[in-house]
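Yeah, the sequence shown ends on 461 if you go by our numbering, and it's all consecutive. Please read the structure below before turning to the comments.
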Amino acid sequence: MKKVVKFGGSSLASAGQFQKVARIIRADKSRIYVVPSAPGKRFSDDTKVTDMLYTCYGRAVREKDFSGQLEAIKARYQEIIDGLKLSISLDEEFEIIRENFQKKIGRDYAASRGEYLNGKIMAAYLGFTFLDAAEVIRFQKEKEFNEETTVQLLAERAAQSSGVVIPGFYGATEDGTIVTFSRGGSDITGSLVALAVHADLYENWTDVSGFLIADPRIVQNPKAIETITYKELRELSYMGASVLHEDAIFPVRKAGIPINIRNTNQPEDKGTLIVEGTCRKPRYTVTGIAGTDGFVSVTVEKAMMNSEIGFCRKVLSVFEDNDISIEHMPSGIDTMTIFVQKDAFEEKEQQVLAGIYKAVQPDHVELESDLALIAIVGRGMRATRGTAGRIFSALAHAHINVKMIDQGSSELNIIVGVRHEDFKTAIRALYEIFVETRL
Ligand code: ASP
Numbered sequence: 023m024k025k026v027v028k029f030g031g032s033s034l035a036s037a038g039q040f041q042k043v044a045r046i047i048r049a050d051k052s053r054i055y056v057v058p059s060a061p062g063k064r065f066s067d068d069t070k071v072t073d074m075l076y077t078c079y080g081r082a083v084r085e086k087d088f089s090g091q092l093e094a095i096k097a098r099y100q101e102i103i104d105g106l107k108l109s110i111s112l113d114e115e116f117e118i119i120r121e122n123f124q125k126k127i128g129r130d131y132a133a134s135r136g137e138y139l140n141g142k143i144m145a146a147y148l149g150f151t152f153l154d155a156a157e158v159i160r161f162q163k164e165k166e167f168n169e170e171t172t173v174q175l176l177a178e179r180a181a182q183s184s185g186v187v188i189p190g191f192y193g194a195t196e197d198g199t200i201v202t203f204s205r206g207g208s209d210i211t212g213s214l215v216a217l218a219v220h221a222d223l224y225e226n227w228t229d230v231s232g233f234l235i236a237d238p239r240i241v242q243n244p245k246a247i248e249t250i251t252y253k254e255l256r257e258l259s260y261m262g263a264s265v266l267h268e269d270a271i272f273p274v275r276k277a278g279i280p281i282n283i284r285n286t287n288q289p290e291d292k293g294t295l296i297v298e299g300t301c302r303k304p305r306y307t308v309t310g311i312a313g314t315d316g317f318v319s320v321t322v323e324k325a326m327m328n329s330e331i332g333f334c335r336k337v338l339s340v341f342e343d344n345d346i347s348i349e350h351m352p353s354g355i356d357t358m359t360i361f362v363q364k365d366a367f368e369e370k371e372q373q374v375l376a377g378i379y380k381a382v383q384p385d386h387v388e389l390e391s392d393l394a395l396i397a398i399v400g401r402g403m404r405a406t407r408g409t410a411g412r413i414f415s416a417l418a419h420a421h422i423n424v425k426m427i428d429q430g431s432s433e434l435n436i437i438v439g440v441r442h443e444d445f446k447t448a449i450r451a452l453y454e455i456f457v458e459t460r461l
């Protein structure tokens, strides 16, 4: 059994957190490959080391004195080293970093030092081998990620050893220029390592006990999802639920490796297992409920539009020409409605309307803003009758008017559109009926 364990920034923000992480790793011999993030926040208005590095480098680029900022970063690491009673020194490393900042070596290089240094400390503390991500995570010249070479390099360099620390978030081009993934990218590194070493499990340790059934800012103490499929996860993350970097899914998914989201601060919790498929029956009919606010609906009406060939295409091409992405498209007999994101639509509103009038000569076009979409997602819905009925009765009891409904043909999700002011009440009502009263 081989496991890749990735620890997020808050799991590595202080010496105390490092100790918890080490206990977790030592508790299971199969936790062989460790991917650390940079130190995150120790308390809510603390600053992540990655952000400190960006600021510090920004000063270097503008040729301002950055020594104070660099000292503050060094102090964050020194606090960890002292707290762990390690005897390593980062003096030389910081001297190199200072010189490179002066040379304006690159923003990605600057950000990557957060993970690099944390990896060094982690390896020293665990007695594991340090493998610099710059040597194994390969990018092309244009910062394009090269998966094939990366997997090959990782397989050669990491797979043989036991007890390896590979810092997350960055890699390098062949000539050694450091390139980072987008923010939160250590998740991707972990996934790539898991793929390359044929891991049995990719454990992603963070500060929550997995994906929650609903947003904790809306529902009080929502339960965690025990098992979720990749497809369900995609539906929920599309609606804004996120714990994991989206690009972290693909490498492990294609290799059939499950991801287990775990909580460093509550290691006894099982967390959420993300799998390709499962015969495990979900505990509730719905796996998760997620929603996003800030949509506009554009309803186009024209008598006999259904028999007009090419009508929908012409309307949609107006949005395409204006570079606006369409989110949903429920339709009636002589109406079609297009849901778009308000931010993207607002500034181009008049162009789009003019375009629609020109393209299809509608009888009427109606706009409605301040709409929210809520996705009720669950593989359990396919086998259950009356899910839609329960959704509507829950919403009706909460005095919420449903503006739109869209059920995917996979029967994996039902999306309802409600007014902005009903958004939170709707999510609470749905959580209550499916989870609390378990109907
Ligand atoms: N440290 C980086 C960030 O803050 C990458 C990561 O944590 O995954 O985005």
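Heads up, the beta-carbon is just placed ideally off N, CA and C, and yes, glycines get one too. What you are looking at is a predicted structure, and each value in this text was computed from that prediction instead of being measured.
Name the two residues that bound the continuous beta strand (DSSP E) containing residue i.
i      : result
Asp392 : His386 to Val399
Val308 : No beta strand (DSSP E) holds Val308; DSSP gives it neither H nor E.
Val467 : There is no way to answer for residue 467, as the model of the chain reaches only from 23 to 461.
Thr495 : Within the shown structure, residues of the chain are numbered from 23 to 461, placing residue 495 beyond reach of any answer.
Leu295 : Thr294 to Val297
Phe350 : The question names Phe, yet the displayed sequence has His at residue 350. Per DSSP, His350 belongs to the beta strand (DSSP E) from Ile348 to His350.
Met358 : Thr357 to Gln363
Ile437 : Asn435 to Arg441
Asn282 : Ile281 to Asn285
Arg404 : No beta strand (DSSP E) contains Arg404, which DSSP labels as neither H nor E.
Ile54  : Arg53 to Pro58
Asp428 : Met426 to Gln429
Val26  : Lys25 to Phe29
Would you give the residue range spanned by the alpha helix (DSSP H) that residue i belongs to?
i      : result
Pro273 : Ile271 to Lys276
Phe88  : Per DSSP, Phe88 belongs to no alpha helix (DSSP H) and is neither H nor E.
Asp345 : Note, Asp345: premise wrong, no alpha helix (DSSP H); not H, not E.
Met74  : Val71 to Val83
Val173 : Glu169 to Arg179
Gln39  : Ala37 to Arg48
Ile413 : Thr409 to His419
Phe445 : Phe445 to Tyr453
Assuming residue i and residue j make a contact with CB atoms under 8 Å, what is their CB distance in whole Å?
i      : j      : result
Thr77  : Ala155 : Actually they do not touch by this definition, with Cβ atoms about 23 Å apart.
Ala420 : Ala448 : 7 Å
Pro304 : Arg401 : 6 Å
Arg160 : Leu148 : 26 Å between Cβ atoms; not a contact.
Leu153 : Val201 : No, Leu153 and Val201 are not in contact; Cβ-Cβ is about 17 Å, not under 8 Å.
Val387 : Thr321 : 7 Å
Lys25  : Leu223 : 5 Å
Leu217 : Pro273 : 4 Å
Met261 : Ala397 : 4 Å
Ser231 : Gln182 : About 34 Å; that fails the 8 Å criterion.
Pro238 : Tyr453 : So it is not a contact: roughly 11 Å between Cβ atoms.
Ala20  : Ile110 : With the chain covering only 23 through 461, there is no way to say anything about residue 20.
Val173 : Leu214 : 7 Å
Leu199 : Gln162 : In the sequence on display, residue 199 carries Thr and not Leu. Not a contact, Cβ separation roughly 11 Å.
Leu258 : Val399 : 5 Å
Ile455 : Ala416 : 4 Å
Leu434 : Met403 : 7 Å
Ser361 : Gly430 : Looking at the sequence shown, residue 361 is not Ser but Phe. No, Phe361 and Gly430 are not in contact; Cβ-Cβ is about 14 Å, not under 8 Å.
Ile47  : Val71  : Contact doesn't hold; Cβ gap of about 21 Å is too wide.
Is it the case that the region 302-316 contacts the region 237-251, given that we only count it when at least three CB pairs across the two stretches are under 8 Å? yes
Would you check if the region 218-229 and the region 43-62 touch, i.e. whether three or more CB-CB distances between them fall below 8 Å? yes
Quick check for students: name the residue ranges of the alpha helix (DSSP H) that lie wholly in the region 240-272, counting only runs of 4 or more. 252-260
Would you call the region 314-328 and the region 276-287 in contact, with 3 or more CB pairs under 8 Å? no
Segments of 4+ residues assigned as alpha helix (DSSP H) that fall wholly inside the region 183-236: 208-218
Segments assigned alpha helix (DSSP H), at least 4 residues, entirely inside the region 101-161: 113-124, 129-148 and 155-158
For the structure I just gave you, are there three or more beta carbon pairs, one from the region 167-182 and one from the region 109-126, closer than 8 Å? no
Does the region 435-443 come close enough to the region 387-395 to have 3 or more Cβ pairs within less than 8 Å? yes
Should the region 89-99 be regarded as contacting the region 47-55, the criterion being three or more beta carbon pairs within less than 8 Å? no
When you compare the region 449-457 with the region 337-347, are there three or more beta-carbon pairs, one atom per stretch, that lie closer than 8 Å? no
Is there contact here, the region 95-112 with the region 24-42, by at least three beta-carbon pairs under 8 Å? yes
Are three or more beta carbon pairs between the region 294-302 and the region 251-268 nearer than 8 Å? yes
With three or more beta-carbon pairs closer than 8 Å as the criterion, would you say the region 130-139 touches the region 188-196? yes
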